[in-house]
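> One structure follows; several queries about it will come next.
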Amino acid sequence: MYASSVSRLSDFYSHVFALNKVEGDNSYALLADGDFELVLLETEASKTVSDLHSPRASTPIKPTFFINTPLEIISEMIKNKGGSVFPPKNWEFGGRKVCDAHDCEGNIFQLRIDQDA
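In my numbering, each residue's number is its place in the sequence shown (first place is 1) plus 32.
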């Protein structure tokens, strides 16, 4: 995922999804948890994104995170790090509650929450 600030985006995903930074420097970060890996890459082009606070619906990728955290709790964690969950759009799919959100740079991602959460 391209980032205008690797450190800010790394902090967001580490906090919200408990991903660990495996390696990285000022231009990239590899975050992981088990078999899941997320690579954040800061390029000259990605540093020029002008509106970091609005969701970018034109982004060609939407990562999906399967979680066991209740929507109310994960929403607060996302908000505390500068992102937002799209209200009130959540629905049931494949036995999970599903909703879209965006991170602190406007990258849209999807949450799939266990029914037991």
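Virtual Cβ for every residue (Gly too), placed ideally from N, Cα, C.
1. I need the DSSP call for residue 52, collapsed to helix, strand or coil.
2. Look at the Cβ atom of residue 62, then the Cβ atom of residue 45, and state whether they are nearer than 9 angstroms.
3. Based on DSSP bridge pairs, tell me the residues matched to residue 159.
4. Are the beta-carbon atoms belonging to residue 97 and residue 144 less than 9 angstroms from one another?
5. Anyone know if the C-beta pair for residue 136 and residue 114 falls short of 9 angstroms?
6. Can the beta-carbon of residue 134 be found closer than 9 angstroms to that of residue 95?
7. Measure the C-alpha to C-alpha separation of residue 103 and residue 64 and round it to an integer number of angstroms.
8. Alpha carbon to alpha carbon, how far is residue 50 from residue 70? Give it in angstroms, no decimals.
9. Going by DSSP in three states, residue 39 sits in which element: helix, strand or coil?
10. Buried or exposed: which applies to residue 105, given that a residue is buried once 16 or more other Cβ atoms fall within 10 Å of its Cβ?
11. Less than 8 angstroms between C-beta atoms, sequence neighbours within five positions excluded: which residues of the same chain meet that for residue 52?
According to the structure data:
1. Residue 52 carries a strand assignment under DSSP once its states are collapsed to helix, strand and coil.
2. no
3. The structure shown does not extend to residue 159, since the chain spans only 33 to 149, so no value can be given for it.
4. yes
5. yes
6. no
7. Cα atoms of residue 103 and residue 64: separation of roughly 22 angstroms, rounded to the nearest angstrom.
8. 12 angstroms
9. It is helical.
10. exposed
11. 46, 63, 64 and 65
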